[in-house]
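Report on the structure given below.
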Amino acid sequence: MAEGESVEGPNNQVILRDYVSGFPKESDFMVRTSTIRLNVPEGSNAVLVKNLYLSCDPYMRSRMTKLEGSYVESFVPGSPISGFGASRVLDSRHPNFKKGDLIWGITGWEEYSLITTPETLFKIEHTDVPLSYYTGLLGMPGLTAYAGFYDVASPKKGEYVFISAASGAVGQLVGQFAKLLGCFVVGSAGSKAKVDLLKNKFGFDEAFNHKEEQDLEAALKRYFPNGIDIYFENVGGKMLDAVLVNMRLYGRIPMCGMISQYNCEQPEGVHNLFCLIAKRIRMQGFLVFDYYHMYPKFLDTVLPLIREGKITYVEDIVEGLENGPAALIGLFYGRNVGKQVVMVARE
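So for the sequence shown, our numbering puts the first residue at 962; every next one is plus one.
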């Protein structure tokens, strides 16, 4: 191909039809084939990538709604959705990236993406682990778990730690970090298979199926007769209310997510916030974007643990971009077991 010559190719894309109310459905999306220029235009600072793995994450539900004043922008109906992914560079006019590089960061839910803000991308230097890990364990969810636990929760050896949605992309890691520190760890999940995973694969001390507990306060009292020091919050709603009553003095609650509330047209209220005062509890929201500066330290910590077999990770990978909407929607029904990933193309 001559310098500056433009070649186009087909590009399958996942499109949001319209803003979503309530639980999303597969019919809210469609897969469309468009065309894309397969090189970066002259004068651009962009990077063209072939997407290999896409990450399904709960925060994406909020982007399906018309948002104002949020930390993320809404998806645009009629346009491809976007999210974290792992990709290979096909062409680049940015000095930090060259053809053949592997990267992770925000990309389109499509076969090929032209990324016009490549400074937000991370170059993948360590390829002795599965590339899909950069959508989870070594990507945004992993850094979220690391920052939320070690920085926000300020854990100490021997403390009592509870994690909701504990078998998900973030929760399974928080539990393993806590066990490595010497904490007592209990997780909740939504099926027997997930509970078994927490105890037998990830090494949690205890785990329970929240769907089988009619009284969440009593369940937590059963597992934590002396109370909870750290609650890693992924769920919200009734679980948060039950936890507040069971927290110990000076407990900490990193607020990572509230997946039980994302599809509610009228979010549930929390009734036990008075416990924050009496028990001097610190409840703090956080965003992974504020911790990108910690990524090198995170890798230095976690990569050796993976190589030594001290940390394990479970993924739920579906093949084919056309199966992406069903995989994403499945998060909100608890259908995934482990980190939900969409494989767009073989490496």
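Backbone N, C-alpha and C fix where the C-beta goes; we use that ideal spot for every residue, glycine too. Owing to the predicted nature of the structure, the values given are computational and were not obtained by experimental measurement.
Simplified DSSP assignment, three categories, for residue i
i, result
"Met1304", "strand"
"Met1219", "coil"
"Asn1012", "strand"
"Ala1139", "helix"
"Gly1132", "helix"
"Gly1285", "helix"
"Met962", "Legend: pLDDT at Met962 = 47, less than 50; position of this residue unreliable, value from coordinates given subsequently. Of the three classes helix, strand and coil, the one that applies to Met962 here is coil, per DSSP."
"Phe1165", "coil"
"Val1113", "helix"
"Ser988", "helix"
"Ala1150", "strand"
"Arg1296", "coil"
"Ile1085", "coil"
"Phe1185", "coil"
"Gly1291", "helix"
"Glu1173", "helix"
"Leu1279", "Rather than Leu, the amino acid found at residue 1279 in this sequence is Val. Of the three classes helix, strand and coil, the one that applies to Val1279 here is strand, per DSSP."
"Ser1074", "strand"
"Ile1064", "strand"
"His1254", "helix"
"Tyr980", "coil"
"Lys1201", "Here the sequence assigns Leu to residue 1201, which means Lys is not the residue at that position. Three-state result, Leu1201: helix."
"Val1263", "helix"
"Pro1079", "helix"
"Glu1178", "helix"
"Pro1091", "coil"
"Ile1272", "coil"
"Cys1236", "helix"
Beta-bridge partners of residue i, as assigned by DSSP
i, result
"Ser1043", "Gly1069"
"Phe1193", "Ile1124"
"Arg993", "Gln974"
"Glu1245", "A small correction: the amino acid at residue 1245 is Gln; Glu does not occupy that position in the sequence shown. Paired residues: Pro1215."
"Ile969", "In the sequence as presented, Ile is not what sits at residue 969; that position holds Glu. In the DSSP output, where bridge partners are listed per residue, Glu969 has Arg998."
"Val1050", "Val1010"
"Leu1104", "DSSP output for Leu1104 lists no bridge partner at all."
"Met1208", "Ile1189"
"Phe1145", "Tyr1121"
"Leu1159", "Bridge partners of Leu1159: none, in fact."
Check: residue i C-beta below 7 Å from any heavy atom of the ligand FMN
i, result
"Val1275", "The model depicted lacks the ligand FMN and carries no ligand whatsoever."
Residue environment, residue i, which counts as buried when at least 16 other CB atoms sit within 10 Å
i, result
"Glu1034", "exposed"
"Gln974", "buried"
"His1171", "buried"
"Val1113", "buried"
"Ala1239", "exposed"
"Asp1089", "exposed"
"Pro985", "buried"
"Thr1096", "buried"
"Asn972", "buried"
"Tyr1032", "exposed"
"Asn1000", "buried"
"Met962", "With a pLDDT of 47 at Met962, under the threshold of 50, the modelled position of that residue is not reliable, and the figure given next carries that caveat. With fewer than 16 Cβ atoms within 10 Å of its Cβ, Met962 is classed as exposed."
"Leu1234", "exposed"
"Asp979", "exposed"
"Leu1211", "Correcting the residue type first, residue 1211 is Tyr in the shown sequence and not Leu. Tyr1211 is exposed by the Cβ-count criterion."
"Asn1187", "exposed"
"Leu1289", "buried"
Reference residue i; option with closest CA among the options
i, options, result
"Phe1250", "Asp1062, Gly1212, Thr1081 and Arg978", "Thr1081"
"Lys1182", "Asn972, Val1010, Val1147 and Ala1007", "Val1147"
"Lys1084", "Pro985, Pro1215, Ile1064 and Ser1093", "Ile1064"
"Gly1119", "Gly1270, Asp1112 and Leu1142", "Leu1142"
"Gly1066", "Pro1056, Ser1093 and Asp1052", "Ser1093"
"Phe1185", "Met1200, Lys1199 and Glu1167", "Glu1167"
"Lys1117", "Ile1191, Val1303, Ala1126 and Ile1076", "Ile1191"
"Ser1053", "Ser1005, Phe1036 and Phe1123", "Ser1005"
"Ser982", "Cys1236, Arg1307, Pro1228 and Asp1062", "Pro1228"
Any chain D beta carbon closer than 8 Å to residue i
i, result
"Glu1034", "Reference to chain D is not applicable here, since this structure consists of a single protein chain."
Measuring CB atoms only, is the stretch 1088 to 1108 touching the stretch 1132 to 1139, in the sense that at least three cross pairs come out at less than 8 Å? Yes: the two stretches touch, three or more of their Cβ pairs being nearer than 8 Å.
Per the contact definition of three or more C-beta pairs closer than 8 Å, is the stretch 1038 to 1051 in contact with the stretch 1150 to 1158? No, they do not touch.
Quick test of the definition: if touching needs 3 or more C-beta pairs under 8 Å, does the stretch 1005 to 1014 touch the stretch 1057 to 1075? Touching, yes, given that three or more Cβ pairs across the two stretches are closer than 8 Å.
If we count Cβ pairs, one from each stretch, closer than 8 Å, do we get three or more for the stretch 1168 to 1181 versus the stretch 1190 to 1210? Under the 8 Å Cβ criterion, the stretch 1168 to 1181 counts as touching the stretch 1190 to 1210, having at least three qualifying pairs.
Below 8 Å, how does it come out for the stretch 1267 to 1280 and the stretch 1290 to 1305: are there three or more Cβ pairs, yes or no? Touching, yes, given that three or more Cβ pairs across the two stretches are closer than 8 Å.
Is the stretch 1055 to 1064 touching the stretch 1018 to 1027 in the sense that three or more CB pairs, one from each, lie closer than 8 Å? With the cut-off at 8 Å, the stretch 1018 to 1027 and the stretch 1055 to 1064 do not touch.
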